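Novice: Heads up, the sequence shown is in our numbering, so the first residue is 2 and it goes up one at a time.
From the three backbone atoms N, C-alpha and C, an ideal C-beta is built for every residue, glycine too.
As the structure is a computational prediction, the values presented were derived from the model and not from experiment.
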Amino acid sequence: MFLPDRFIVGTCPYCGYEKAYGDQCENCGRLLEPTLLINPRCAICGSPPVLKTTKHWFFDLPKLQGELEKYIESNKQLPPNARNMSLQILRDGLKPRALTRDNKWGIPAPFPGAEGKTIYVWMEAVLGYISATIEYFEKKGEPDRWRDFWLDPATKSVYFIGKDNIPFHTIILPALLLASGGGYVLPWTVASTEYLLFRGLKFSKSKRIGVWADEALEVFPVDYWRFALVALRPEVRDTNFTWEEFQRVINNDLNDNLGNFVHRVLVLTHRRFGGEVPKPRSSRGEWFQEEIRRRYEQATRSMESFRFKEALQEILMLSSSGNSLLNSERPWELPDDEASSVVYVALHAVKALAIMLHPILPGSSQRMWELLGYQDRVSEHSWEEALSPVPPGQKLPEPRPLFTKISDEDIKRAVERIEELRSARES
Numbered sequence: 002m003f004l005p006d007r008f009i010v011g012t013c014p015y016c017g018y019e020k021a022y023g024d025q026c027e028n029c030g031r032l033l034e035p036t037l038l039i040n041p042r043c044a045i046c047g048s049p050p051v052l053k054t055t056k057h058w059f060f061d062l063p064k065l066q067g068e069l070e071k072y073i074e075s076n077k078q079l080p081p082n083a084r085n086m087s088l089q090i091l092r093d094g095l096k097p098r099a100l101t102r103d104n105k106w107g108i109p110a111p112f113p114g115a116e117g118k119t120i121y122v123w124m125e126a127v128l129g130y131i132s133a134t135i136e137y138f139e140k141k142g143e144p145d146r147w148r149d150f151w152l153d154p155a156t157k158s159v160y161f162i163g164k165d166n167i168p169f170h171t172i173i174l175p176a177l178l179l180a181s182g183g184g185y186v187l188p189w190t191v192a193s194t195e196y197l198l199f200r201g202l203k204f205s206k207s208k209r210i211g212v213w214a215d216e217a218l219e220v221f222p223v224d225y226w227r228f229a230l231v232a233l234r235p236e237v238r239d240t241n242f243t244w245e246e247f248q249r250v251i252n253n254d255l256n257d258n259l260g261n262f263v264h265r266v267l268v269l270t271h272r273r274f275g276g277e278v279p280k281p282r283s284s285r286g287e288w289f290q291e292e293i294r295r296r297y298e299q300a301t302r303s304m305e306s307f308r309f310k311e312a313l314q315e316i317l318m319l320s321s322s323g324n325s326l327l328n329s330e331r332p333w334e335l336p337d338d339e340a341s342s343v344v345y346v347a348l349h350a351v352k353a354l355a356i357m358l359h360p361i362l363p364g365s366s367q368r369m370w371e372l373l374g375y376q377d378r379v380s381e382h383s384w385e386e387a388l389s390p391v392p393p394g395q396k397l398p399e400p401r402p403l404f405t406k407i408s409d410e411d412i413k414r415a416v417e418r419i420e421e422l423r424s425a426r427e428s
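#1: Measure the alpha-carbon distance for residue 229 versus residue 102 and round it to whole angstroms.
#2: Around the Cβ of residue 402, are there at least 16 other Cβ atoms within 10 angstroms (buried) or fewer (exposed)?
#3: Does the beta-carbon distance from residue 22 to residue 6 come in below 8 Å?
#4: Ordered along the chain, which non-local residues of its own chain (more than five positions away) have a Cβ less than 7 Å from that of residue 217?
#5: What would DSSP say about residue 205, mapped onto helix, strand or coil?
#6: For the putative contact between residue 95 and residue 128, defined by C-beta atoms under 8 Å, what is the C-beta separation to the nearest angstrom?
#7: Does the beta-carbon distance from residue 50 to residue 9 come in below 8 Å?
#8: Would a C-beta distance cut-off of 8 Å place residue 266 and residue 394 closer than the cut-off?
#9: Any chance the stretch 164-179 sits against the stretch 135-150, with 3 or more Cβ pairs inside 8 Å?
#10: Bridge partners for residue 242 per DSSP, in chain order?
#11: Can you name the start and end residues of the alpha helix (DSSP H) that residue 293 belongs to?
#12: In terms of residue numbering, what span does the alpha helix (DSSP H) encompassing residue 193 cover?
#13: Within 10 angstroms of its Cβ, does residue 46 collect 16 or more other Cβ (buried), or is it exposed?
#14: Would you tell me roughly how many angstroms separate the C-alpha atoms of residue 253 and residue 176, rounded to the nearest one?
#15: Three or more C-beta pairs closer than 8 Å, one from the stretch 274-289 and one from the stretch 339-347: is that the case here?
#16: Look at the alpha carbon of residue 124 and the alpha carbon of residue 381, and state the distance between them as a whole number of angstroms.
#17: In chain order, what residues of the same chain lie with their CB nearer than 6 Å to the CB of residue 27, ignoring the 5 residues before and after it?
#18: Give every residue of the same chain whose Cβ lies closer than 7 Å to the Cβ of residue 261, excluding the five residues on either side of it in the sequence, and list them in chain order.
#19: Going by beta-carbon coordinates alone, are residue 240 and residue 174 separated by less than 8 Å?
#20: Enumerate, from N- to C-terminal direction, the unbroken beta strand (DSSP E) stretches of 3 or more residues contained entirely within the stretch 10-58.
#21: How close, in whole Å, do the beta carbons of residue 312 and residue 303 come, if the pair is a contact with beta carbons under 8 Å?
#22: What are the boundary residues of the alpha helix (DSSP H) that includes residue 364?
#23: Around the C-beta of residue 370, are 16 or more other C-beta atoms found within 10 angstroms, so that it is buried, or is it exposed?
#24: Given this structure, state the Cα-to-Cα distance separating residue 3 from residue 110, to the nearest angstrom.
#25: Kindly give me the distance between the Cβ atoms of residue 189 and residue 115, rounded to whole angstroms, as I take these residues to be in contact under 8 Å.
#26: Residue 129 by DSSP, collapsed to three states: which one?
#27: So with Cβ pairs under 8 Å, would you call residue 3 a contact of chain B?
#28: Per the contact definition of three or more C-beta pairs closer than 8 Å, is the stretch 192-212 in contact with the stretch 79-98?
#29: Between the stretch 324-339 and the stretch 284-302, do three or more beta carbon pairs fall short of 8 Å?
#30: Give every residue of the same chain whose Cβ lies closer than 8 Å to the Cβ of residue 250, excluding the five residues on either side of it in the sequence, and list them in chain order.
In structure tokens:
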């Protein structure tokens, strides 16, 4: 019986990480072979493995070194972590990579003489993108439509991955597509993040490290999680998730910044203008329209570059600027003609926030939309409509707060509830 290389651990010969797998080091991202590991051992029993002779089929990656170098060097969309890791792998020199394994599970190897062997997962997994597209259109009765996506040079394919999957999408997948000679489009870019850690440790279900989706939804609203995970998205470096940081992000950024601004504007509209969007009757606060446009344009650039944390920061700068607008202009003290202009532009900012936050906070943005007096779905409106003000005369329903703060006691109860769920699941 042969031990799969994923079940062999040891020290990475490149970075010295002591828990590298036989196929890849999750610390530096390099692709490995079990024989390269220093002090290799079985991941199950801890004993050193014994080398035995077997026959395997290999993918001749070195043949594609030049083409892959051109692909990486000319790809201007790749984020820095993907580009740097890929170029380092290419500088180290590509090596032939085994296609087959002596496993009973997996896709049977189709090569003559390979009976009893299976295709190793690194190959068939990335090609699953194509086979899934083919299967989807076959089920729709359009068996040839997959070609519109995989053979059209205008296709821009984006892969959302963690950094440990970078080489499989910037080296392995392009190599397989190039080797096929079938004219497949190569990955346009990868939206690759660093690691999200839980108190400095990798998420591990077996070790009870982390929070899982079903547990998360039991203890706090889904939009709280969506907001926090985008706010903490590890776009540049590994990021720690802690309950303290989750609480801070929700209380300070979601509630005190965003929620506070929206509620202030809506309450002010009701108190000064009877819950009706006023027609601006002066130039007071008009300058804030430029702030809306500026934040919109910067958030758009970040979104289109798949830098979602950066986009959220720009959007929150708009609500922060909105709070500053209210504090500096003090429309509750102004005469109606001047107050109308300030409230009008502040309501425009709320509309812009509802539209721009919809991809991140679909539920909360819909509630914001309805609090502005709209009867339809915010999802039915284009991103560009963030630049269009709320029409004067539109009636607003009674305002209500969008969010509530998370107390220390709430966090304590959440942690206890998660432990209850795990104990029940394991019993």
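Specialist: Looking at the coordinates:
#1: C-alpha separation (whole angstroms): 41 Å.
#2: With fewer than 16 Cβ atoms within 10 Å of its Cβ, residue 402 is classed as exposed.
#3: yes
#4: 226
#5: Of the three classes helix, strand and coil, the one that applies to residue 205 here is strand, per DSSP.
#6: That belief does not hold up - the Cβ atoms of residue 95 and residue 128 are roughly 19 Å apart, past 8 Å.
#7: yes
#8: no
#9: no
#10: 199
#11: 289-305
#12: Run containing residue 193: none in the alpha helix (DSSP H); it sits in the beta strand (DSSP E), 190-194.
#13: exposed
#14: 46 Å
#15: The answer is yes - the stretch 339-347 touches the stretch 274-289, with three or more Cβ pairs under 8 Å.
#16: 40 Å
#17: 165
#18: 324
#19: no
#20: Fully enclosed beta strand (DSSP E) runs of 3 or longer: 39-43.
#21: 4 Å
#22: 363-372
#23: buried
#24: Straight through space, the alpha carbons of residue 110 and residue 3 are spaced by roughly 17 Å.
#25: Their Cβ separation, rounded to whole angstroms, is 34 Å, which puts residue 189 and residue 115 out of contact at 8 Å.
#26: Three-state DSSP puts residue 129 in a helix.
#27: Checking the listed chains, one finds no chain B in this structure; it contains a single protein chain.
#28: yes
#29: yes
#30: 228, 229, 232, 233
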